[in-house]
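See structure below.
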Amino acid sequence: MMVVDASVWVSRFLPEDAFHQASRTWLIEMTTAGMALVAPTIVLAEVSGSIARRTGNDQLGYQIVQQIRQLPSVQFIAVDDTLGLLAAQT
Numbered sequence: 005m006m007v008v009d010a011s012v013w014v015s016r017f018l019p020e021d022a023f024h025q026a027s028r029t030w031l032i033e034m035t036t037a038g039m040a041l042v043a044p045t046i047v048l049a050e051v052s053g054s055i056a057r058r059t060g061n062d063q064l065g066y067q068i069v070q071q072i073r074q075l076p077s078v079q080f081i082a083v084d085d086t087l088g089l090l091a092a093q094t
């Protein structure tokens, strides 16, 4: 299991991003290897907002989030206070 933060998704979907190819390649390798990808649910807002700001296109941000949500290898986890504190300790 790998936790994937918003920066990886943003660079994956923006070809002009300096880390686009690296993010794209890494995500393909992980999913091909059968690796489960996990992200906190806040990633959806972070990705949508970042892409909207960088492209000036609010709809594009939302469309990309919908694409990510459809990926069978990605699981979203709600982070409550207990899980947040546990993550901070490790």
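If you read the sequence shown in my numbering, its first letter stands for residue 5, the second for the next number, and so on.
Glycine included, C-beta positions come from ideal geometry on N, C-alpha and C.
Using the Cβ count rule (16 or more neighbours within 10 Å means buried), how would you classify residue i?
{"i": "A49", "result": "exposed"}
{"i": "A82", "result": "exposed"}
{"i": "I32", "result": "exposed"}
{"i": "A10", "result": "buried"}
Going by CA-CA distance only, name the one from the options that's closest to residue i.
{"i": "R28", "options": "A56, W13, L64", "result": "W13"}
{"i": "D21", "options": "I46, M5, R58, Q93", "result": "R58"}
Between residue i and the rest of its own chain, which residues show a CB-CB distance below 7 Å, the 5 nearest in sequence each way excluded?
{"i": "F23", "result": "S15"}
Between which two residues does the beta strand (DSSP E) harbouring residue i extend?
{"i": "A37", "result": "Run containing A37: none; DSSP gives neither H nor E here."}
{"i": "V51", "result": "Counting along the chain, V51 falls outside any beta strand (DSSP E), though it belongs to the alpha helix (DSSP H) covering 46-59."}
Are residue i and residue j closer than 8 Å when you measure CB to CB?
{"i": "V7", "j": "A43", "result": "yes"}
{"i": "S77", "j": "Y66", "result": "no"}
Which same chain residues, not among the five before or five after residue i, have their C-beta less than 8 Å away from its C-beta?
{"i": "R1", "result": "The requested residue 1 is not part of the displayed model; the chain covers only 5 to 94."}
Along the alpha helix (DSSP H) that carries residue i, what are the first and last residues, could you check?
{"i": "Q71", "result": "62-73"}
{"i": "V12", "result": "10-17"}
To which residues of the same chain is residue i closer than 6 Å at the C-beta, ignoring the five residues directly before and after it?
{"i": "D62", "result": "A56"}
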